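I have placed the structure first, in the form of structure tokens, so that the comments after it can refer back to it.
Given below as structure tokens:
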């Protein structure tokens, strides 16, 4: 369907500049009317009396869908027709819909065609006029389905969204068919208020993607995502999990809430949530490392064809994490996950050599321990709405193949004013192979690992010095105090 829509778009010869967009004043009036502001409705009607086509069309929308007023199809048609006679593109196709299908009025194919023809075709070629009729018919069909079955409302909104988001020419065409981007958002918000989880999610995603221009789109999208999540929408639950786990959109980091939202989404079979949970237990930076649970989540998502999950499984077979090393199986999974590992003729040879090296490291772990080097690297500014002041990058490296897991480094940071701050830095597993690529197949030093530590006090973004006070973790399968063992430099 999407491919077909892009093919249709190529036929259009529209100039987006020729289409009148919704004015800020009328949008503002609509927002007030949606909040049951009678004065705003009177102001909009006053504009309509002055033959403002946009105001007339907006009133048609308000009465068609019952926005703060009782639904009144006859009144809606009246306003749409008036708008159409004043200035295209307003109202013509909206009124056409009712006459074409005999809704609220006698069916009248001739009048329906006249209303459609009234929309200017000055900058649409002949083929595109045919396309216009095809799209109008598809939208009409989706609209009729939505009106007879409320479960089809989200499909109708998505149909409009895909067309309106198909570039400026397509957006201009859809506006001529009676649905500006503002109209689409207004309708989605109106229906979402009836506790439809999917529509609440769609509204959130419309704001989040900048479908319409508003100053506080991130705050608005969070509001709608939260409503959708609370109503049980799995994608929204997964998004909330991400926000809580990473401290986004002004939400303070909360591991427990983040995992809870992921688990709710995963329980519904949401593949992204399954992968996110798998990553949490695989990395072991926020919870104790648990390869068994990670493998379970990745395997469930992989059965849905998710490349990221397939690549994680391949990496676990490469490194012998929870499962025995199986280089052939790993290569097959990487091929399914479409990473560059699949094209590397040396992958399986290196994988087998690394397996032997890890086995030797375990056998000799009491006599041949690795040496780990640690340092602070760069400082990154905080992203907007993160809640923290900056992020400090720390890097650790092993001098040989070794399974380094659950690594925790306790630090005492000292800023230039002499103040101290205690931090615990957690690292993901590393040092298990010499492929020198990450699990996506990009070049990466696999004996090195870095992490970003959020800092909430801005005075500690400029660290003068630090001291390592404790280092714990597993080395080749054995819990170890690395400072005491003398392997942490």
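Residue numbers (mature numbering (1 follows the signal peptide of the UniProt record, and there is no 0)): -22 to -1, 1 to 467.
Backbone N, C-alpha and C fix where the C-beta goes; we use that ideal spot for every residue, glycine too.
Here the structure is a predicted model, which means the values were calculated and not measured.
Asked                                                                                                                                                                         : Found
Leaving out five residues before and five after residue 443 in sequence, what residues of the same chain have Cβ atoms less than 6 Å from its Cβ?                             : 392
By Cβ distance below 6 Å, which residues in the same chain neighbour residue 407 in space, the five residues on each side in sequence not counted?                            : 383
For the putative contact between residue 51 and residue 76, defined by C-beta atoms under 8 Å, what is the C-beta separation to the nearest angstrom?                         : 7 Å
Could you check the C-alpha separation between residue 451 and residue 123 for me, to the nearest Å?                                                                          : 59 Å
Report all residues from its chain with a CB closer than 6 Å to the CB of residue 291; omit the five preceding and five following residues, and keep chain order.             : 276, 280 and 311
With DSSP run on the structure shown, which of helix, strand or coil describes residue 235?                                                                                   : helix
Measure how close the beta-carbons of residue 243 and residue 216 come, nearest whole angstrom, since I'm counting them as under 8 Å.                                         : 4 Å
Within 10 angstroms of its Cβ, does residue 349 collect 16 or more other Cβ (buried), or is it exposed?                                                                       : exposed
Taking the alpha carbon of residue 64 as the reference point, which residue from 9, 27, 90 and 42 has its own alpha carbon closest?                                           : 27
Excluding the five sequence neighbours on either side, which residues of its own chain have a C-beta within less than 7 Å of the C-beta of residue 86, listed in chain order? : 77
Tell me the DSSP secondary structure of residue 382 in three-state form.                                                                                                      : strand
Hey, quick one: how far does the beta strand (DSSP E) through residue 274 stretch, first residue to last?                                                                     : Premise fails: residue 274 lies in the alpha helix (DSSP H), 269 to 280, not in any beta strand (DSSP E).
Taking 6 Å as the limit between beta carbons, can you name the residues of its chain near residue 355, skipping five residues before and five after?                          : 371 and 373
Compute the Euclidean distance between the alpha carbons of residue 456 and residue 364, then round it to the nearest angstrom.                                               : 36 Å
Looking at the secondary structure, which residues open and close the beta strand (DSSP E) in which residue 368 lies?                                                         : 368 to 376
Please report how far the alpha carbon of residue 56 lies from the alpha carbon of residue 359, in whole angstroms.                                                           : 56 Å
Just the C-alpha distance for residue 148 and residue 353, rounded to the nearest angstrom, thanks.                                                                           : 53 Å
Would you identify the three-state DSSP class for residue 331, choosing helix, strand or coil?                                                                                : helix
Taking only three categories from DSSP, how would you classify residue 447?                                                                                                   : strand
Less than 8 Å separating the beta-carbons of residue 210 and residue 222?                                                                                                     : no
Can you grab the Cα-Cα spacing for the pair residue 43 / residue 320, in whole Å?                                                                                             : 54 Å
Going by DSSP in three states, residue 254 sits in which element: helix, strand or coil?                                                                                      : helix
Taking the C-alpha atoms as reference points, what is the distance between residue 437 and residue 219?                                                                       : 29 Å
Which one of 230, 158 and 84 has the shortest CA to CA distance from residue 142?                                                                                             : 158
Going by beta carbon distance, what residues of the same chain come within less than 7 Å of residue 380, once the five residues before and after it are set aside?            : 339, 348, 409, 453 and 454
Starting from the N-terminal side, write out each stretch of the alpha helix (DSSP H) that is 4 residues or longer and does not extend beyond the segment 280 to 322.         : 285 to 297 and 305 to 314
Assuming contact is defined by CB atoms lying nearer than 8 Å, are residue 404 and residue 386 in contact in what I supplied?                                                 : yes
With DSSP as the reference, please indicate the residues paired to residue 453 in a beta bridge.                                                                              : 382 and 456
Helix or strand or just coil, what does DSSP make of residue 52?                                                                                                              : helix
Would you call the segment 408 to 427 and the segment 328 to 336 touching, i.e. three or more CB-CB distances under 8 Å?                                                      : yes
From this set, 429, 301 and 54, which residue's C-alpha is nearest residue 268's C-alpha?                                                                                     : 301
In terms of alpha-carbon separation, which member of 272, 397 and 297 lies closest to residue 287?                                                                            : 272
Apart from the five residues on each side of it in sequence, which residues of its chain come closer than 6 Å, Cβ to Cβ, to residue 19?                                       : 11
State buried or exposed for residue 299, treating a residue as buried only when at least 16 other CB atoms are found within 10 Å of its CB.                                   : buried
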